[in-house]
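Colleague: Chains as they are written, first to last, in this note's numbering: chain A, 126 to 402; chain B, 46 to 405; chain C, -1 to 261; chain D, 289 to 553. Positions of the beta carbon are idealized from the N, C-alpha and C atoms, including for glycine. Being a predicted model, the structure only gives us computed values, none of them experimental. My questions will all concern the structure given below.
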């Protein structure tokens, strides 16, 4: 009975899936090993990647490969964090404005959709021309890329306020400020978190993406360097694993933040718009 | 259950399972050749080699403004101007999807030949076609700024050129030390490759002429090839390109032969230079000038900015984010055709570093 | 006794006033209320009874100034409905409790006080008293999702009464509750009303409920929504649940039911 | 009446706003506001002129991009849908599997693209074919992830009691699937497509950066930006946006038709 419980626990299932995924990886790596001259550049074994992490060999500037990757990851994380905060905040504010004024909503909503369609990387030089600073450009672009989920979800949250609740506040002749702080914003918090959970990993990948706009320090910069050869091919694979790990971690941070902020209070609401992931 | 797992595998390992099918030819690692065929193709070979790979459709180049010399070479032998995109690694060359690959003598060629980190260890089993031998060479790494900046800060520009060329001379005479300096300044490549690169770059700088010399004949050839092979979709830019003269792209006024001692009174003392690529020995002269205090001597405080991304050095210089840049002359030409006002102030490499490498 | 609420010739047509097309073709609008006249006395408990679509909720919302009538005149607590709303003359209870999940029970009850900027000590004092009145003083620090539907609705009533309003407006407050809870709440409501002495306008579609609670039952009928009968309920107060088994009660119920016939 | 009112404020207002932006852009007021020049941010008329001058090459590139995005989107959506059905049949293992699949989206596309290009080299000896295949694989992968995760909710989040109702009819698991789960998942398909259409297009553009064979709107944007041909780059950016908008409009239209049909039934 106890064994059965363990066998069907979600942790166990996840582990089985990960093991399965790793076996597929290894099979493919074995296959590549047979047919390629330099297999570690195309598809290395997982073991090789882990070994490279432990490798004490100095590869650049007094750093081992993993030290180098981590230094760059820190820079990316910092920019992603700032971009995420700016993107989330402006998304939230825009959602409030759109809720506040139907005209603003009507004007902004189609363009909000449009933002997703713009190949923002192509517009990077414009952003760069305006900000005159590559660091700021990177932050702005990752902010723009993370802005949409927050704005769209928060707006959905603001609109989820029931007519009865609105009537209640009207019956108290509550002013606009009170209606927003005591009704609209608290109601939208679970939705805001849904948006934040989507955009946190997005901010990380966006930040890595915009790193590649120019050299310098950052996971994306290092990624393009490692792609361009001249250093251990495992740096590239370390970056892939680390960036996936950071993305997942950022999601977990949002989940924890949500739990802390909403604790047991909003169970009903949270369940109403829970996500699978 | 089994079915489900299979389906999952199919979906998740889509890439892998699909790449596995249709894979019948197993490549045997190339055996190190003991034949003594020369590393550089002779002109008679060139034609047959180009025809062979053009026929197979496996000539590679990076594109993105690096393809004009290749176009000129293909046109010279009446071959179609087609190439595959190389992704800045030599993996395509390694797995034979690219038979005749573009390579810089100081970078990719070294990776192909050598066995250090990132290398492919082909040793002497590869040979190459040299653009300089074929008469289709274009000038590459130079030093440039904007016309406005140069006119407003002539002494700064002169001082920067002077100190930089001093750095280049020192670096080219002492490549091992230069490699070490670059490596300590946040290099993007391994130590061994850095040394290889420094030695190869020194050959391109050509110490038989004063460092930074702008040779009008070589530059005119570059401009002529660009006019012929650069295709611009914007008709306004295309018209402008056709009308460009040497005076639109370079000025001799800011270059001084470093054999003569000189002093400067820079108008602006804090300046920055953006590289065309990631920090590596390709730009060793600037790192050396900074490290050896040559910039301090002329009263400049220089920041070296890494390149190597989609925001090109021409854009950064043009919009004033940095004061100087390092680019290829062809890139400067297309930028000016598009409306920038860039001005070359020194020519660091006197030869083209581009070769086409193939397996013997 | 003076009038608390006066309704004169009130008409409500939906879809009118927004565009020009209706003005040209008034038949296209939906008539929700037609020529409604009603005087509600101070301290009276009155029910608006009728099937769906008879306009009972619309009438309540007009009194509450949650929407405006198309024509006619409404006076609430000696002024316009808007003045009554702005000076917080009424409390309102909806079909669902409309509690805020992120506030404790006490904080929910204090919400109207917060909006009217009452000091904290005063808020606590009033909310304690109100929670005692509805029998929830033990639950003041829990969150709404931990309460049953009936308890949640009590919180809603406490919240409506905390400003000590002259008028209590209730829009089918018990319709979502089970029979046992409803019985209990009806009895409690009568108790609370008898102590607070406010005027109650109670919207329902339950005949027995309206008879049991009200001084007068206003029977409304649909298409177009109108007031078709007003029936005085002369049953003695205080009323207990057992009263519903008496002959008089049953007679009133059938009288009200019969008033729907022929509609 | 109401309908005309909605379309008036919902369409004309944003259009008016767009026109206003175009006007301040064309009159170079925008350049003054954000401090740039007509070289980095070319005038709308210049962009239109370039599109007009290069209709042939632009439409050829756009066609290649659309082809990859569309095939990838369709394949990925079908595969994703099948995965979610499998996951819904075995919910215990399926939801765990989907969690692992969703991790894929945490890997940046820019890292995924070169790996896939390398892994698919042996697909064909003809470079344009294998290059296109590599791009399609990438788009398929990403579309499959968002579709499987999205539709799984549609297959499992049933209306309360609806499953009980069918069970009272002694319906089999298969019946419940066909009569309840599948129809319930349709609206979730649209929601998933809302996410995966922009993703498919953007990832096609980025995959083109790393593709062996030089073609496509994304590659042209990059080529022109790196060689400082901003006007031409802007022409391609405009085309990329247009592709996205048109695809999105098709989706909205399809969704409306579906809802209309559903209402009629």
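What are the start and end residues of the beta strand (DSSP E) that includes residue 378/D?
Modeller: Run containing residue 378/D: none; DSSP gives neither H nor E here.
Colleague: As a quick exercise: from 519/D, 440/D, 485/D, pick the residue whose alpha carbon is nearest that of residue 539/D.
Modeller: Minimum Cα distance to residue 539/D is reached at 485/D.
Colleague: Taking only three categories from DSSP, how would you classify residue 242/C?
Modeller: Residue 242/C: helix per DSSP, three-state reduction.
Colleague: Along chain C, in chain order, which residues have C-beta atoms closer than 7 Å to that of residue 290/A?
Modeller: Within chain C, the residues near residue 290/A are 96.
Colleague: Around the C-beta of residue 85/C, are 16 or more other C-beta atoms found within 10 angstroms, so that it is buried, or is it exposed?
Modeller: Per the 10 Å Cβ criterion, exposed.
Colleague: Let's test the definition: count the other Cβ atoms within 10 Å of the Cβ of residue 320/D and tell me whether it reaches 16, buried, or not, exposed.
Modeller: Exposed: under 16 other Cβ atoms inside 10 Å.
Colleague: Quick check on residue 216/C: does DSSP put it in helix, strand or coil?
Modeller: Reduced to three states, the DSSP call for residue 216/C is strand.
Colleague: Would residue 458/D be called buried (16 or more neighbouring beta carbons within 10 Å of its own) or exposed?
Modeller: Per the 10 Å Cβ criterion, exposed.
Colleague: Name, in chain order, the residues that DSSP records as bridge partners for residue 45/C.
Modeller: According to DSSP, residue 45/C bridges with 200/C, 215/C.
Colleague: Could you list the residues in the segment 486 to 505 of chain D with a C-beta less than 8 Å from some C-beta on chain B, going in chain order?
Modeller: Per Cβ criterion, the list reads 498, 499, 500, 501, 502.
Colleague: So, are the CB atoms of residue 30/C and residue 56/C less than 8 Å apart?
Modeller: A contact, by the Cβ cut-off of 8 Å.
Colleague: Grouping DSSP H, G and I as helix and E and B as strand, with all else coil, what is residue 368/B?
Modeller: If DSSP states are grouped into helix, strand and coil, residue 368/B belongs with coil.
Colleague: How many Å lie between residue 420/D and residue 356/D at the Cα?
Modeller: Distance between the alpha carbons of residue 420/D and residue 356/D: 7 Å.
Colleague: In chain D, which residues lie with their C-beta within 8 Å of the C-beta of residue 152/B?
Modeller: In chain order: nothing, as chain D lies at least about 18 Å away.
Colleague: Buried or exposed: which applies to residue 52/C, given that a residue is buried once 16 or more other Cβ atoms fall within 10 Å of its Cβ?
Modeller: So residue 52/C ends up on the buried side.
Colleague: How is residue 307/A classed by DSSP in three states: helix, strand or coil?
Modeller: Here residue 307/A sits in helix by DSSP.
Colleague: Expressed to the nearest angstrom, what Euclidean distance is found between the alpha-carbon atoms of residue 9/C and residue 222/C?
Modeller: Approximately 10 Å between the Cα atoms of the pair.
Colleague: Can you name, in chain order, every residue of its own chain whose Cβ lies under 8 Å from the Cβ of residue 133/C, other than the five neighbours on each side?
Modeller: If we look at residue 133/C and ignore the five residues flanking it on each side, its Cβ neighbours are 152, 186.
Colleague: At a cut-off of 7 Å, is residue 285/A close to the ligand GTP when judged by its beta-carbon and the heavy atoms of the ligand?
Modeller: Among the ligands in the structure shown, none appear at all, so the ligand GTP cannot be discussed.
Colleague: How should residue 147/B be labelled, buried or exposed, when 16 other C-beta atoms within 10 angstroms of its C-beta is the threshold for buried?
Modeller: Classification of residue 147/B: buried, given that the 10 Å Cβ count is 16 or more.
Colleague: For chain E, find out if any of its Cβ atoms is closer than 8 Å to the Cβ of residue 150/A; answer yes or no.
Modeller: This model lacks chain E altogether, as its protein chains are A, B, C and D.
Colleague: Suppose you measure from the CA of residue 349/B to the CA of residue 385/A; what does that come to, to the nearest Å?
Modeller: About 45 Å.
Colleague: Anyone know if the C-beta pair for residue 405/D and residue 422/D falls short of 8 Å?
Modeller: Yes.
Colleague: For the segment 356 to 374 of chain B, which residues have a beta carbon sitting closer than 7 Å to at least one beta carbon of chain D?
Modeller: Those residues of the segment 356 to 374 of chain B that come within reach of chain D (Cβ to Cβ, closer than 7 Å) are 357, 359, 360, 364.
Colleague: Taking the alpha carbon of residue 139/C as the reference point, which residue from 59/C, 62/C, 126/C has its own alpha carbon closest?
Modeller: Out of 59/C, 62/C, 126/C, 126/C has the C-alpha closest to the C-alpha of residue 139/C.
Colleague: In chain A, which residues lie with their C-beta within 7 Å of the C-beta of residue 130/B?
Modeller: Simply none; closest approach about 13 Å.
Colleague: So with CB distances below 8 Å, who are the chain D contacts of residue 277/B?
Modeller: Neighbours of residue 277/B on chain D, chain order: 517, 520.
Colleague: Between 467/D, 402/D, 475/D, 298/D, which lies nearest to residue 544/D when the distance is taken from Cα to Cα?
Modeller: Ranking the options by Cα distance to residue 544/D, first place goes to 475/D.
Colleague: Report yes if the CB atom of residue 205/C is closer than 8 Å to the CB atom of residue 248/C, and no otherwise.
Modeller: Taking 8 Å as the Cβ cut-off, residue 205/C and residue 248/C do not qualify as a contacting pair.
Colleague: Who are residue 93/C's beta bridge partners in DSSP?
Modeller: Per DSSP, none; premise fails for residue 93/C.
Colleague: Give a yes or no on contact between the segment 215 to 233 of chain B and the segment 110 to 129 of chain B, applying the rule of three or more CB pairs nearer than 8 Å.
Modeller: As far as the Cβ criterion goes, the segment 215 to 233 of chain B does not touch the segment 110 to 129 of chain B, which means the pair count is below three.
Colleague: Does residue 78/B come within less than 8 Å of chain D when only Cβ atoms are used?
Modeller: Only weak support is given to the placement of residue 78/B: the predicted model assigns it a pLDDT of 41, under 50, and the question is left unresolved by the model.
Colleague: Show which residues of chain C have a CB atom less than 7 Å away from the CB atom of residue 299/A.
Modeller: Result: 113.
Colleague: For residue 170/C versus residue 184/C, is the C-beta distance shorter than 8 Å?
Modeller: No, the pair does not count as a contact, with Cβ atoms beyond the cut-off.
Colleague: So is residue 537/D buried or exposed if we call it buried at 16+ other beta carbons inside 10 Å?
Modeller: It counts as exposed.
Colleague: Measuring alpha carbon to alpha carbon, tell me which of 352/A, 140/A, 326/A, 309/A ends up nearest residue 384/D.
Modeller: Nearest C-alpha to residue 384/D: 140/A.
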